[in-house]
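Enquirer: In terms of numbering that gives the first Met the number 0, the sequence shown opens at residue 0 and continues consecutively.
Just so it is clear, CB atoms sit at the ideal spot from N, CA and C, and this is done for glycine as well.
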Amino acid sequence: MRILIEEYQYDYEDVADVLKGLGVLQDVEGKVSLSYVGYFFNPDPDVNDCVFILPKVLLEGAFGHEKVFGHIEPKDLINADDCKELKTEEYTFIYNLSVWIYRAICVFKDHEFDRMDCPKNQPSIVLYRRSPMMGHMKKRRANTFLDVLLALQEWNRKNESFVMFVVKNMHSGVNKINWTRTISKSQAIIQDGMGGSRRQDVSYLNPVNKKRQINFDEELLVIYYSILQHMQDEYGFPVRINVNFPLIRGEKFKRYVRGFGKHRLKQIKYKYFSDKALELWELCYAFFDRPENITLNIDQKEYLLVKSFHIVFEAIIDELIAGDQRKQLPKELKDQPDGKRVDHMYQYKELTNNDNDDNIYYIGDSKYYKRGNALGVESVYKQFTYARNVIQWNLDLFNDGKKEDQDGHVKLRDDVTEGYNVIPNFFISANQNVLSADDEIHLIDSEKPEHKRRQEYYLSRQFDNRLFDRDTFLLAHYDVNFLFVVSLYGRNNSARKAEWRNRVRQLFRTEIQNMLKENFEFYAITAHADVNAEAYIKDNFQTLLGKVFHPFENREGSDQQYYSLALRNPDKEYEYYKKVKRDAVRAEEARKRIADENEQVKFDLRQAFYIAPCELGVDPRTLPEDVMPVVEPRMHDDIPKQFLTMHYLENYPTAMFLIGIVNGLDHLHWIFSRKGGKRDDAYNVRLGKDVPGGVVKSRDYVRHAKFVILYNAGENKVYKAFRVKNIGELTREQLIKQDYRDPHHDKYLCYFFDEEITLGEFDIQGIINADKDKFEADTKRKEGYAEGQPVFMSGKELIKFRL
Numbered sequence: 000m001r002i003l004i005e006e007y008q009y010d011y012e013d014v015a016d017v018l019k020g021l022g023v024l025q026d027v028e029g030k031v032s033l034s035y036v037g038y039f040f041n042p043d044p045d046v047n048d049c050v051f052i053l054p055k056v057l058l059e060g061a062f063g064h065e066k067v068f069g070h071i072e073p074k075d076l077i078n079a080d081d082c083k084e085l086k087t088e089e090y091t092f093i094y095n096l097s098v099w100i101y102r103a104i105c106v107f108k109d110h111e112f113d114r115m116d117c118p119k120n121q122p123s124i125v126l127y128r129r130s131p132m133m134g135h136m137k138k139r140r141a142n143t144f145l146d147v148l149l150a151l152q153e154w155n156r157k158n159e160s161f162v163m164f165v166v167k168n169m170h171s172g173v174n175k176i177n178w179t180r181t182i183s184k185s186q187a188i189i190q191d192g193m194g195g196s197r198r199q200d201v202s203y204l205n206p207v208n209k210k211r212q213i214n215f216d217e218e219l220l221v222i223y224y225s226i227l228q229h230m231q232d233e234y235g236f237p238v239r240i241n242v243n244f245p246l247i248r249g250e251k252f253k254r255y256v257r258g259f260g261k262h263r264l265k266q267i268k269y270k271y272f273s274d275k276a277l278e279l280w281e282l283c284y285a286f287f288d289r290p291e292n293i294t295l296n297i298d299q300k301e302y303l304l305v306k307s308f309h310i311v312f313e314a315i316i317d318e319l320i321a322g323d324q325r326k327q328l329p330k331e332l333k334d335q336p337d338g339k340r341v342d343h344m345y346q347y348k349e350l351t352n353n354d355n356d357d358n359i360y361y362i363g364d365s366k367y368y369k370r371g372n373a374l375g376v377e378s379v380y381k382q383f384t385y386a387r388n389v390i391q392w393n394l395d396l397f398n399d400g401k402k403e404d405q406d407g408h409v410k411l412r413d414d415v416t417e418g419y420n421v422i423p424n425f426f427i428s429a430n431q432n433v434l435s436a437d438d439e440i441h442l443i444d445s446e447k448p449e450h451k452r453r454q455e456y457y458l459s460r461q462f463d464n465r466l467f468d469r470d471t472f473l474l475a476h477y478d479v480n481f482l483f484v485v486s487l488y489g490r491n492n493s494a495r496k497a498e499w500r501n502r503v504r505q506l507f508r509t510e511i512q513n514m515l516k517e518n519f520e521f522y523a524i525t526a527h528a529d530v531n532a533e534a535y536i537k538d539n540f541q542t543l544l545g546k547v548f549h550p551f552e553n554r555e556g557s558d559q560q561y562y563s564l565a566l567r568n569p570d571k572e573y574e575y576y577k578k579v580k581r582d583a584v585r586a587e588e589a590r591k592r593i594a595d596e597n598e599q600v601k602f603d604l605r606q607a608f609y610i611a612p613c614e615l616g617v618d619p620r621t622l623p624e625d626v627m628p629v630v631e632p633r634m635h636d637d638i639p640k641q642f643l644t645m646h647y648l649e650n651y652p653t654a655m656f657l658i659g660i661v662n663g664l665d666h667l668h669w670i671f672s673r674k675g676g677k678r679d680d681a682y683n684v685r686l687g688k689d690v691p692g693g694v695v696k697s698r699d700y701v702r703h704a705k706f707v708i709l710y711n712a713g714e715n716k717v718y719k720a721f722r723v724k725n726i727g728e729l730t731r732e733q734l735i736k737q738d739y740r741d742p743h744h745d746k747y748l749c750y751f752f753d754e755e756i757t758l759g760e761f762d763i764q765g766i767i768n769a770d771k772d773k774f775e776a777d778t779k780r781k782e783g784y785a786e787g788q789p790v791f792m793s794g795k796e797l798i799k800f801r802l
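#1: Is there contact between the stretch 514-521 and the stretch 600-615, where contact requires at least three CB pairs shorter than 8 Å?
#2: Do three or more CB pairs link the stretch 58-77 to the stretch 348-367 at distances below 8 Å?
#3: DSSP on residue 465, reduced to helix/strand/coil?
#4: Starting from residue 429, follow its DSSP beta bridges and name the residues at the other end.
#5: Thinking C-alpha only, which one of 44, 66 and 51 is nearest residue 8?
#6: Relative to the C-alpha of residue 683, which residue among 645, 644 and 737 is closest?
#7: For residue 794, does the count of other Cβ atoms within 10 angstroms reach 16, so buried, or fall short, so exposed?
#8: Rounded to whole angstroms, what's the CA-CA distance from residue 512 to residue 148? Just pull it up for me.
#9: From what residue to what residue does the beta strand (DSSP E) around residue 725 run?
#10: Please classify residue 230 as buried or exposed, where buried requires at least 16 other C-beta atoms within 10 Å of its C-beta.
#11: Measure the C-alpha to C-alpha separation of residue 267 and residue 93 and round it to an integer number of angstroms.
#12: Along the chain, where does the beta strand (DSSP E) that runs through residue 806 open and close?
#13: Does DSSP put residue 141 in a helix, in a strand, or in coil?
#14: Considering just the uninterrupted stretch of the alpha helix (DSSP H) at residue 664, what are its terminal residues?
#15: With distance defined between alpha-carbon atoms, name the residue in 191, 199, 356 and 207 nearest to residue 806.
#16: Please state whether DSSP places residue 363 in a helix, a strand or coil.
#17: Give the DSSP-derived three-state secondary structure of residue 616 in the structure shown.
#18: Helix, strand or coil for residue 566 per DSSP?
#19: Look up residue 41 in the DSSP assignment and give the residues it is bridged to.
#20: Threshold first: 3 residues or longer. Then list the beta strand (DSSP E) segments lying entirely within the stretch 739-780, N to C.
#21: In terms of residues, what are the limits of the alpha helix (DSSP H) holding residue 525?
#22: Among 439, 510 and 37, which one has its Cα closest to the Cα of residue 306?
#23: Would you say the stretch 705-721 touches the stretch 752-765, given that touching needs at least three Cβ pairs under 8 Å?
#24: Just to confirm my understanding: we take residue 238, look at its own chain, exclude 5 residues before and 5 after, and list those with CB closer than 8 Å. What are they?
#25: With distances taken between CB atoms, is the gap from residue 302 to residue 322 smaller than 9 Å?
#26: Does the Cβ-Cβ distance between residue 506 and residue 495 come in under 9 Å?
#27: Where does residue 271 sit, in a helix, a strand or coil, going by DSSP?
#28: Is the distance from the Cβ of residue 443 to the Cβ of residue 477 below 9 Å?
#29: Would a C-beta distance cut-off of 9 Å place residue 392 and residue 329 closer than the cut-off?
#30: So the candidates are 103, 479 and 48; which of them puts its Cα closest to the Cα of residue 446?
#31: Counting beta carbon pairs with one atom in the stretch 455-465 and one in the stretch 394-406, are three or more of them shorter than 8 Å?
#32: Any contact of the stretch 346-359 with the stretch 306-319, i.e. 3+ C-beta pairs under 8 Å?
#33: Quick check: the Cα distance between residue 696 and residue 453, rounded to an integer number of angstroms?
#34: Measure from the alpha carbon of residue 30 to the alpha carbon of each residue in 40, 15, 649 and 790, then state which is nearest.
#35: Between 77, 33 and 663, which lies nearest to residue 713 when the distance is taken from Cα to Cα?
#36: Keeping to the same chain, check which residues put their C-beta closer than 6 Å to that of residue 104; ignore five residues upstream and five downstream.
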């Protein structure tokens, strides 16, 4: 077996013999570099051997000084059998890798264009020549000579019990005497019986055993195990021979290879009837058939090679981690409008809540490098661009897309906090640091001392303490065992791939969560009973933007809401500036700035929220009550009038007052209810210029009303008066959720109350009449005055109607 390494710069003299007859050209410096990976059989009489071109992932070291396994010059490995530096375990590894590279390319060839959403319209990157090979009861086409070798080896592994059964039958009856031949051919000795008996005893000194005819089962097995022994001797394939047959070796076996093997197998074929025996016969015949052709016809070369092996590696990773979702996601997500194509994308559980079934987009890029190579800036930038494009696609989908198209996708942007869900973003590259197919995925170089590690994660951001911002991206770089993924892909076993895919997706999610936990401190927050969380977040928008997100469900049977708070770890900010930016001065400044900002944010939030440490992914509803209290909304308190704070209109001549009607008990119940997330007493008015009785939000007197005076329909007196805390716009759906009975309009403006007060008594009917006269005097108005429409008056105007 000859070994070459992809993209290694060989001196032409070192590989001229191995590549003889293949027309490989050298460059101006006399170097030869092969851009292929795979297998070919060189039939040139000076070579006549299998040649494997193995992936460059085995190379380590600077360009021009690369070594295989860290200590072998690639030129010394060309003839693996003569390489003294090659250890036994390394030789075994090369054999295993060679076989699985071959199998992986075979699988890729069969599915090369399946990953494309268009018909085959470009040349294949796989180069191969087909040759006749064994089949079941008929001929079929196969790829290469290695297929025969692998099939022979696999048959041995799977059919040990069949061989033992045949051997047992072959030897049954061997020691039985053939009495007919013994009596007629051998001399008998006759003796008188003992004790005076007239009975005579006859003995034969040379009995004749039953002789078998030529056993064709045994001959076929002898040929088969001789082939296996030849595979081990000639190509290094490990085989196990469990029977003690006299094998065909040396010159006698060469005679079989030169043509006698085919001839003899044809002579004995008619003796076999069982499926197993016929299968074995076809395997043996295929072995002798192909070498004879290669020997006689030098133009008949066989090969299975792939150029641009990084495409194969990308296909391997995509099949193993995205697999079942490759064609389920919208085409625009992978083939993005700006011409970029995402290597790997799938949907899986989001990071912020382990109990949520919503699936977020996982975006990956596979990197096929030599061992120890670092990522380029372009690759990192491109990966961040993928995520930005996905966010924009998601925004367009939920802003302008059809409802049916939104099914199966989670909205990345939270309307309350205006934060964005975290998109897992990762690189995955191949390593072969051990000589085995270890099933593991870990951060790159995590097994090395910290000072020798390459960069494990990358950060892109516009603001330095906003995880839930649309411009903040964390990108992790993971290593996967190359031999393991190649062998898993090469087996092409759907059940095994699905099992590994499910496990590795969970592993990726856990690893990315751990990375985020190291870089950010996570808390859960829930509002105090007297605080409207949504209103507070809007009032403190700039402070909380990008730090707060709403991934959790409300407490069961309650309107208590929970939010996730993410604050940058000051020590990680220090590391980022020191190790990545290489600025020790700014690193210390950044750590202090982030620490101070975090303390200020938590201090401010504690005035209105309960705050508790809550790891990423943990649902705060599962936290103990002494850590995260159960909060019931503050209900409306009926305070006797004599205890209410008295406000005099003389102090508010320019302040705006809203005088509003209470339309029955249902309306009254909603004003003071705490359902559907409503945490304050509130009064609603219709929004819209063309809506009967509606108001226009942009007008100052509407936006800046400081007090609300309520009266019951049909009564000419004040029911209650309140100071306004803030205002907010609610939709018809939100009002229904808050148990508002049958809202007739699409949008409403709500005034949220601070405290109940008293302003004295007023002539309500007089106020309504004055507003009606003013309305009807406006000649521009075409519609009539709506019964019960809200009245807005300044304190100076309202004082005229005080009783």
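Expert: Taking the coordinates as given:
#1: Enough Cβ pairs lie closer than 8 Å, so yes.
#2: Contact fails between the stretch 58-77 and the stretch 348-367, because fewer than three Cβ pairs, one in each stretch, are under 8 Å apart.
#3: coil
#4: 479
#5: Residue 8 has its Cα closest to that of 66, out of 44, 66 and 51.
#6: Among 645, 644 and 737, the Cα nearest to that of residue 683 belongs to 737.
#7: Label assigned to residue 794: buried.
#8: 46 Å
#9: 719-730
#10: buried
#11: Whole-angstrom Cα-Cα distance: 38 Å.
#12: The chain is shown from 0 up to 802; residue 806 falls before or after that span and cannot be answered.
#13: With a pLDDT of 42 at residue 141, under the threshold of 50, the modelled position of that residue is not reliable, and the figure given next carries that caveat. Strand.
#14: Start and end: 663-671.
#15: For residue 806 there is no data in the structure shown, the boundaries of the chain being 0 and 802.
#16: strand
#17: strand
#18: strand
#19: 48
#20: With a minimum length of 3 residues, the unbroken runs of beta strand (DSSP E) contained wholly in the stretch 739-780 fall at 746-757.
#21: It is not in any alpha helix (DSSP H) - residue 525 instead sits in the beta strand (DSSP E) that spans 519-526.
#22: 37
#23: The stretch 705-721 is in contact with the stretch 752-765.
#24: In chain order, 152, 155, 227, 228, 230 and 231 place their CB closer than 8 Å to the CB of residue 238, counting only its own chain and leaving out the 5 sequence neighbours on each side.
#25: Cβ atoms of residue 302 and residue 322: not closer than 9 Å.
#26: no
#27: coil
#28: Against a cut-off of 9 Å, the Cβ pair of residue 477 and residue 443 comes out as a contact.
#29: yes
#30: 479
#31: no
#32: The stretch 306-319 and the stretch 346-359 do not touch, with fewer than three beta-carbon pairs separated by less than 8 Å.
#33: 56 Å
#34: The residue among 40, 15, 649 and 790 with its C-alpha nearest the C-alpha of residue 30 is 15.
#35: The shortest C-alpha separation from residue 713 is found at 663.
#36: 37, 303 and 305
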